[in-house]
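So in this note's numbering, spot 15 of the sequence shown is number 0, and the numbers just go up one at a time.
Built from N, CA and C at the ideal position, the CB exists for glycine as well.
Here the structure is a predicted model, which means the values were calculated and not measured.
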Amino acid sequence: METDCTPLPESPKHYGRQGIALETYLFTLNHLVKLASTNGWKAHAWYRAKELETHPLGIYKGISQELTQIMKAKNEPISDK
-14 METDCTPLPE
-4 SPKHYGRQGI
6 ALETYLFTLN
16 HLVKLASTNG
26 WKAHAWYRAK
36 ELETHPLGIY
46 KGISQELTQI
56 MKAKNEPISD
66 K
């Protein structure tokens, strides 16, 4: 089954704990975008993003706002001027 999903840009390779946290964040955000783009999974993706915001290490802080921005951008009609 194919979904209309635009993959996030590849992130540069980072090292150390911060790099691992960034890679994890971007991987999770991409997964949530795919879920939210799939019929019937939007509510679950939003719930999971809000749940991840409460992660004790704070590595997912702001993920729900980014998910919202990406989904709004994907759903904006393209206008020709």
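query = What do you reckon, is the C-beta of Gln3 under 8 Å from a heavy atom of the ligand MG?
reply = Among the ligands in the structure shown, none appear at all, so the ligand MG cannot be discussed.
inquiry  = Using 9 Å as the threshold, is the C-beta distance between Leu52 and Trp31 below it?
reply    = By one-based count along the sequence shown, residue 52 stands at place 67. By one-based count along the sequence shown, residue 31 stands at place 46. Against a cut-off of 9 Å, the Cβ pair of Trp31 and Leu52 comes out as a contact.
Check whether Ala34 and Ile44 have beta carbons under 9 Å apart = Within the sequence shown, the letter at position 49 stands for residue 34. Within the sequence shown, the letter at position 59 stands for residue 44. No.
ask   = Which word fits Leu14, buried or exposed, when buried means at least 16 other C-beta atoms lie within 10 angstroms of its C-beta?
value = On the sequence shown, residue 14 is found 29 positions in, with the first residue counted as 1. When all chains shown are included, Leu14 counts as buried.
key: C-beta contact flag for Ser22 and Lys57 at 9 Å   = Position 37 of the sequence shown, counted from the start, is the residue given in the question as residue 22. Position 72 of the sequence shown, counted from the start, is the residue given in the question as residue 57. Not closer than 9 Å, so no.
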